[in-house]
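First comes the structure, then the notes that go with it.
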Amino acid sequence: MTDPAERLVNLALLIASSRGGVSASGVREAGIGYPEGQDEQAFLRMFERDKDDLRAAGLAIVVDGGDDAERYRLDSASTPTARVALAPDEAALVRAVGAAFADDPAFPLGDDLLFALAKIAPRSAEGPPATSRLADESPEGQGADAATLAAAVGGRKRVRFEYTGAGGASRARDVEPFGLFFREGRWYLVGRDRDLDEVRVFAVSRMGALAPNTGSRKTPDFDVEPGFDVADFARLPFQYGPTPFEAVLRFSPDHAWRAPRLIEGRGSLEPDPDGSLTWRVQARSVDRLLRWVVENGPGVVLLEPERARARLCAGCSEVAARHG
Amino acid sequence: MGKPTSAMRARRLLALLPALRAGETLLVADLAARVGATVAETAADLTTLGYCGIPPFTPDDLIELDISDGEVRVFLGPPALEKPLRLSPREARAVAAALQSAGAGPDDPLVARLIAASGATGPDELARTVRAAVDPGGVTHVYRVVAGALERREKVLLTHLGGGRDACTRRLVHPHRLFNERGTWYLAGFCEQAGEERTFRLDRVGEAQTTGEPATVAENTAGLGASPDFIGLPVAEVMFAPGADLDPRDWPGTTFDRQNDGSVLAHVPTASAEWLARRVVARLGEAEVLSPPDIRAAVADLARMVASGLAV
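Those sequence lines, one after another, are chains X and E. This note's numbering puts the last residue of the first sequence at 594; the count rises by one with no breaks. This note's numbering puts the last residue of the second sequence at 314; the count rises by one with no breaks.
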């Protein structure tokens, strides 16, 4: 029996080299590796899967003709020629970031990234010297589950999993996955818990026995809420807590350049005449807000609320006294 | 890693085709790096490609290769698909997701070009559903310059904000490696101002410029893990109060010993007094540095500055 990978390459070469396309029966009779004596329906199912696999590899296979005379060919306008022109530094960036993540088991799209690099920014055996450790806990498990979830998000397929909450209790969840985000070493899923009929955030590292719905693979199971943006759920560390309040912070003129990187698109940023920036943002935890301000300093000043400022000053005075 | 599926292996074989030009002699190791496989796997893949071709499979219709001594000689290239295939939508999304971590949001021109070349739906759709980094602020310039300098082995001039300074400093750095730790990119390299190897957090770099000057090469980058090497770093003793909010993941390389009264004694490896001082002050009394004295002094100085509103 022919190696299935060899059959796929032969099929790609056959379709790419045929003028005017090739029919399914032409493929079957070409002797490129389909089992001899295979019945018609089994062949057509295998041929269908093979075309899907080749499309995933980047072959733009188009179909000409009607139902009785379908012929398959490559869209020559897009398959080999639609190259991405990268400037040298862009190629270096894609190569460095791509190589680091392609080798990181916690990056869920590593296989696709690997083949993308081979096409647009091939790396040599020497490099680049770039590495990644996205997840510091169960990187293989998180990466594999995040890959399954990313596929479910893309295909809008329901998923089931056992979920262990912060209190240690575990129960089965049936979720419509809307989006996936990464923060500080962990992947998170945002989706509608069908039993609760609520959109919830789930840490991927707390999931077990993850199983996507494999029925009717090409038919979506649900619609995503209009306007959904996964970033709305990826809050800053001080935005978790029971009671919201508005915080006002100032980036000094010398540090205004850092503001877009630090605020993660949250709240509103207004320029001041002296070149500083004032940031108004919703917060829910004073302790976490103060920690964020100090850790991201210098150049970040808390203006409001006054009670938080007072606590920051008192806390720092205590620290200074203890270490002085 | 498990055995690849036939589809994955076929993608690997197809990715090798454009490199197989008649008359070329190639290193199997370079081809292996190109497709992220081992040398043995790639040698097996090349053997398989030697059986591939188009009907009627006469010798002129087959790819003809000779593989020996770590090299592959190409006598006859593929009868079609001599150029790289276009990016598939999934591949373009994977690159776009990776670039999110380097500041490239959906509006980034590079991301837009990648997505457009694949024929996929727009980058906005990716950003709304998958975020490998939460809004990175659209600052790819620094990352591009640093990656280019690293690849060309050129010194790079950085304007960098250290954790304990109120102003940026200019650093001429010999770039040695990039690494990502929990989503944050760092550059490790020799800093001419410091006269030693230093690590620079790239989201604290305001500007980066290429210099065209040759850089030194790191003595050993092979086999380096993603994380900083904690072995040999000075260790600070930090006591956390009973009930302190303490996640070990936030303190890389640290060992923790719970005391009878519920407090926790942490041994924190650190190369930067500024980094540790800022983290201890941020605890606002939940943590105290017991040793060494210079970090205790740095904590006290920083706490006073923050309290006086001078340099938060």
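Note that the Cβ used here is the ideal one computed from N, Cα and C, for glycine as well.
With a floor of 4 residues, list each alpha helix (DSSP H) that falls wholly inside the segment 57-86 of chain E, ordered by position along the chain.
-> none
Close-in-space but distant-in-sequence residues of the same chain around X/V332 (CB under 8 Å, 5 per side omitted) = Y342, R343, L344, D345
Would you please verify whether the beta carbon of X/W527 is less than 8 Å from any beta carbon of chain E?
-> yes
Decide if X/Y510 is buried, meaning its Cβ has at least 16 other Cβ atoms within 10 Å, or exposed.
-> exposed
Do you know how far the Cα of X/R426 is from the Cα of X/P447?
-> 7 Å
So, does the CB of E/L265 fall closer than 8 Å to a CB anywhere in chain X?
-> Per the sequence presented here, residue 265 of chain E reads as Ser, with Leu not at that position. No, no contact with chain X.
What are the residues of the segment 367-382 of chain X that lie near chain E, defined by any Cβ-Cβ distance shorter than 9 Å?
-> V367, G368, A369, A370, F371, A372, D373, D374, P375, F377, P378, L379, G380, D381, D382
Contiguous beta strand (DSSP E) assignments of at least 3 residues, all confined to the segment 428-456 of chain X | 429-434, 440-453
Do you know whose CA, among X/T489, X/H593, X/L519, lies nearest X/E574's CA?
-> X/L519
Interface flag, X/A455 vs chain E, CB-CB below 8 Å = Checking the displayed sequence, the identity of residue 455 of chain X turns out to be Gly instead of Ala. Output row for X/G455: interface = yes.
Where does E/N262 land, buried or exposed, given buried means 16+ other C-beta within 10 angstroms?
-> exposed
Quick one: grab the DSSP three-state call for X/G380.
-> helix
Taking E/L48 as the reference, which of E/R14, E/I56, E/D63, E/F59 has the closest Cα?
-> E/R14
With a 10 Å radius around its C-beta and 16 neighbouring C-beta atoms as the bar for buried, classify E/H176 as buried or exposed.
-> buried
Residues within the segment 492-507 of chain X neighbouring chain E, beta-carbon criterion of under 7 Å | F498, D499, V500, A501, A504
Starting from E/H178, find everything on chain X with Cβ-Cβ shorter than 8 Å and list it in chain order.
-> P399
Do you know whose CA, among X/P274, X/R428, X/G397, lies nearest X/P305's CA?
-> X/P274
Chain E contact for X/I302 (CB, 8 Å cutoff) | yes
Decide if E/E194 is buried, meaning its Cβ has at least 16 other Cβ atoms within 10 Å, or exposed.
-> exposed
Note down the Cα distance separating E/L28 from E/G79, rounded to an integer number of angstroms.
-> 13 Å
Look at X/W562 and X/F521 and say whether their C-beta atoms are less than 8 Å apart.
-> no
Comparing the C-beta of E/V74 with each C-beta of chain C, is any distance below 8 Å?
-> The structure shown contains no chain C; its protein chains are X and E.
Do X/G537 and X/W549 have their CB atoms nearer than 8 Å?
-> yes
Hey, X/L560 and X/A578: beta-carbon distance below 8 Å or not?
-> yes
With a cut-off of 8 Å, does the C-beta of X/K488 fall near any C-beta of chain E?
-> no
Which residues in chain E sit within 8 Å of X/A422, going by Cβ to Cβ distance?
-> Correct list: empty, because the minimum Cβ distance to chain E is about 11 Å.
Where does X/G413 sit, in a helix, a strand or coil, going by DSSP?
-> helix
Whole-angstrom distance between E/A273 and E/A279, CA atom to CA atom = 12 Å
Quick one: using the 10 Å Cβ neighbour count with 16 as the cut-off for buried, is E/V30 buried or exposed?
-> buried
Quick one: is E/S8 near chain X, going by C-beta distance under 8 Å?
-> yes
Residues in the segment 569-582 of chain X with C-beta within 8 Å of chain E's C-beta atoms, listed in sequence order?
-> G569, V570, V571, L572, R581, L582
In chain order, what residues of the same chain have a beta carbon less than 8 Å from the beta carbon of X/G336, not counting five sequence neighbours either side?
-> none
Under the three-state reduction of DSSP, which class applies to E/A210: helix, strand or coil?
-> strand
Taking all protein chains shown into account, decide if E/A224 is buried (16 or more other Cβ within 10 angstroms of its Cβ) or exposed.
-> Since pLDDT at E/A224 reaches only 44, below the 50 mark, its modelled position is unreliable, and no value is offered.
What is the rounded straight-line gap between the Cα of E/G271 and the Cα of X/L356?
-> The sequence shown places Pro at residue 271 of chain E, not Gly. C-alpha separation (whole angstroms): 40 Å.
So, E/E156 versus E/P216, is the Cβ gap smaller than 8 Å?
-> yes
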